[in-house]
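Trainee:
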Amino acid sequence: MTGDDFGTVHWPTEIRLKKEEKRLEVDFDDGGTFSYPAEFLRVVSPSAEVQGHNPSQKQTVAGRRHVGIMRVEPVGNYAVRIVFDDLHDSGIYTWKYLYEIGTGQESLWNEYLEELQAKGLSRDPRR
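Residue numbering for the sequence shown follows the numbering used here, starting at 590 and increasing by one per position.
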């Protein structure tokens, strides 16, 4: 492992941006394949804006039901930057992070929905 691997265990073999479907698909070298809705990727963004600098600063991102992905940009050999159509682009999605959120997608999504409900927020944009 090199210093640039960022703890990567599973490496992507193919990444497909499905703009019309508003999703990103990633195949990994162990046979794992994940299909991430853009909204999911946006609300679990690893950016400091969303995650904060410690767990108490984590933000619940509401109103992103219709968010799309404009482009996916490589970051070295360890990650991608996703540029969303709400102009959020500061999250660096490492291969390790994409694999982790892929395997935990259902529980992470359910936690997000519970957070929204508890805070009186909605997936729909404000009118």
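We put the CB at the ideal spot given by N, CA and C, even for glycine.
When you compare the CB positions of P635 and G596, do they come within less than 8 Å of one another, or not?
Mentor: The residue you call residue 635 lines up with position 46 of the sequence shown. The residue you call residue 596 lines up with position 7 of the sequence shown. Taking 8 Å as the Cβ cut-off, P635 and G596 do not qualify as a contacting pair.
Trainee: Exposed or buried, V632, counting other C-beta atoms within 10 Å across all chains shown (16 or more means buried)?
Mentor: For the purposes of this step, residue 632 is taken as residue 43 along the sequence shown, with counting starting at 1. Answer is buried; the Cβ neighbour count reaches 16.
Trainee: By Cβ distance below 7 Å, which residues in the same chain neighbour V551 in space, the five residues on each side in sequence not counted?
Mentor: Lying outside 590 to 716, the shown extent of the chain, residue 551 is not represented and no answer is given.
Trainee: Quick check on the DSSP output: the alpha helix (DSSP H) that includes A707 runs from which residue to which?
Mentor: Translated into the one-based positions of the sequence shown, residue 707 becomes position 118. Residues Q694 to K708.
Trainee: May I ask you to verify whether the segment 616-623 touches the segment 705-716, counting CB pairs closer than 8 Å and requiring at least 3?
Mentor: Segments in contact, no.
Trainee: Quick check: Y688 and F617, are their CB atoms within less than 8 Å of each other?
Mentor: Residue 688 sits at position 99 when you count from the first residue of the sequence shown. Residue 617 sits at position 28 when you count from the first residue of the sequence shown. The answer is yes: Cβ separation under 8 Å.
Trainee: Locate the beta strand (DSSP E) running through L630, then write down its first and last residues.
Mentor: What you label residue 630 is simply residue 41 of the sequence shown in a count that begins at 1. It is not in any beta strand (DSSP E) - L630 instead sits in the alpha helix (DSSP H) that spans A627 to V632.
Trainee: Which residue from E704, R654, V661 and L676 puts its Cα closest to that of I604?
Mentor: To locate residue 604, count along the sequence shown from 1; it is residue 15. With distances taken between Cα atoms, I604 lies closest to V661.
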